[in-house]
Amino acid sequence: MFEVVQLVWHNGKIIPREQAAPSIASHSLHLGIGVFDGLRAFWNGDRYYIHALDDHLTRLQENARTLEMEIPWSLKELKAGIWTLLAEIPQTNYYLRPIVYRGLPKITIKERQKMKVDVSILAVTAPRDVIKPFRCQISPFERVSSRAIPVRAKICGAYVNSYLVRIQAEASGFDEGIMLDREGKITEAATANLFFIQEDTVVTPALTPDIFPGITRSTLLKVASSLGIKVIERDIYPEALGDFQAVFSCATFSEVRPIITIDSHQYDSLNNPIFRKFLKAYQEITYQ
75 MFEVVQLVWH
85 NGKIIPREQA
95 APSIASHSLH
105 LGIGVFDGLR
115 AFWNGDRYYI
125 HALDDHLTRL
135 QENARTLEME
145 IPWSLKELKA
155 GIWTLLAEIP
165 QTNYYLRPIV
175 YRGLPKITIK
185 ERQKMKVDVS
195 ILAVTAPRDV
205 IKPFRCQISP
215 FERVSSRAIP
225 VRAKICGAYV
235 NSYLVRIQAE
245 ASGFDEGIML
255 DREGKITEAA
265 TANLFFIQED
275 TVVTPALTPD
285 IFPGITRSTL
295 LKVASSLGIK
305 VIERDIYPEA
315 LGDFQAVFSC
325 ATFSEVRPII
335 TIDSHQYDSL
345 NNPIFRKFLK
355 AYQEITYQ
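Sequential numbering from 75 applies to the sequence shown in this note's numbering.
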């Protein structure tokens, strides 16, 4: 289902995937020093639609600067690289993963400013419109604090936090974990933002430095405004989970997905009319 394509765009050229691999002695590999982003290329019969392409790639550039990694390719060149890659591979739906790293055999970070910065863009086949519900638990792993790592940037090493949340949830019989911050507030799922439905109002955790400002989240806030759905951004604690009738997550990779369980709380999210409105509106966007 999720097949990584054999060709990648790497530093301005289309090459076999394995030729873009970093050295075993790369400090990006050892320390997680790198940034990435994720986009969806939806094949709509005669053309691709990539949602918020400029936003994703601009974010990639800005996140790279957080680690003192200046991408040696302009926004225009990165966009051209994506379209060039898509032209070279079979026409289907893809998850695209641009990643910025240092592939040289340098374990230490000394003289890092002089080290070459590599950029690769790979494509993974990915089905669209998957609405299989998630069963979630409140994770025993808390959300890493922005005082430790700038978690609003997609820094490779920071996603060990998400990895631990996911594998612990699966080991406990769930699909996904939901992280709390140090103060016990709900932040997000392992790799997705969260929305809660209470009667005719949608509630989502307020953006703090510890919550990732997802592009899909931003898109759904605009959808809510266009549909006249009231959205409140505020703190949410696990004690309030019984107040909601439905819950859903959103992310570029998983799109808009209903959540039917959080620990002992059960939700009829898939059939909730407000959730269905969000789902329909998002799918209409992707079929442009």
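Virtual Cβ for every residue (Gly too), placed ideally from N, Cα, C. These numbers were taken from a predicted model, which means no experiment stands behind them.
A check of alpha carbon separations from residue 347 across 319, 237, 257, 337 identifies 319 as the nearest. With contacts defined as CB atoms closer than 8 Å, residue 339 and residue 302 fail to qualify as a contacting pair. According to DSSP, residue pairing for residue 194 in a beta bridge involves 84, 173. Beta-bridge annotation (DSSP): residue 147 is not paired with any residue.
For residue 115, the enclosing beta strand (DSSP E) begins and ends at 113–117. Checking the DSSP bridge columns, you'll see residue 279 partnered with 308. A distance below 8 Å separates the beta carbons of residue 264 and residue 251. Residue pairing by DSSP places residue 251 opposite 211 in a beta bridge. Annotation for residue 109: the continuous beta strand (DSSP E) segment containing it runs 108–110. Taking a contact as a CB-CB distance under 8 Å, the pair residue 200 and residue 322 does not count as one, their CB atoms being some 19 Å apart. Relative to residue 352, the option among 151, 290, 96, 89 whose CA is nearest is 290. Taking the CA atoms as reference points, residue 215 sits about 30 Å from residue 78.
Rounded to whole angstroms, residue 285 and residue 85 show a C-alpha spacing of 31 Å. Beta-bridge partners of residue 268 (DSSP): 323. The distance from the Cβ of residue 240 to that of residue 198 is about 17 Å, inconsistent with a contact at the 8 Å cut-off. The three-state secondary structure of residue 331, taken from DSSP, is strand. Counting along the chain, residue 237 sits inside the alpha helix (DSSP H) bounded by residues 234–245. For residue 263, the uninterrupted beta strand (DSSP E) segment begins and ends at 260–263.
Note on geometry: alpha-carbon atoms of residue 193 and residue 282 lie some 29 Å from one another. At a Cβ-Cβ threshold of 8 Å, residue 294 and residue 327 do not count as neighbours. Beta bridge pairing from DSSP links residue 122 with 117. The C-beta of residue 138 has 16 or more other C-beta atoms within 10 Å across all chains shown, which makes the residue buried. Beyond the five residues adjoining it in sequence on each side, residue 330 comes within less than 7 Å, by CB distance, of 322, 324, 352, 353, 356 in the same chain, given in chain order. The shortest CA-to-CA distance from residue 224 to any of 123, 344, 136, 93 is the one to 136. Following the DSSP letters along the chain, one finds residue 347 inside the alpha helix (DSSP H) bounded by residues 347–360.
Residue 219 is positioned such that its CB atom lies no closer than 8 Å to that of residue 186.
Taking a 10 Å sphere around the C-beta of residue 247, we find fewer than 16 other C-beta atoms and assign the residue as exposed. Between residue 160 and residue 115 a beta carbon distance of about 6 Å is seen, short of the 8 Å cut, so the two are scored as contacting.
Residue pairing by DSSP leaves residue 101 without any beta bridge partner. DSSP places residue 136 inside the alpha helix (DSSP H), whose first and last residues are 127–140.
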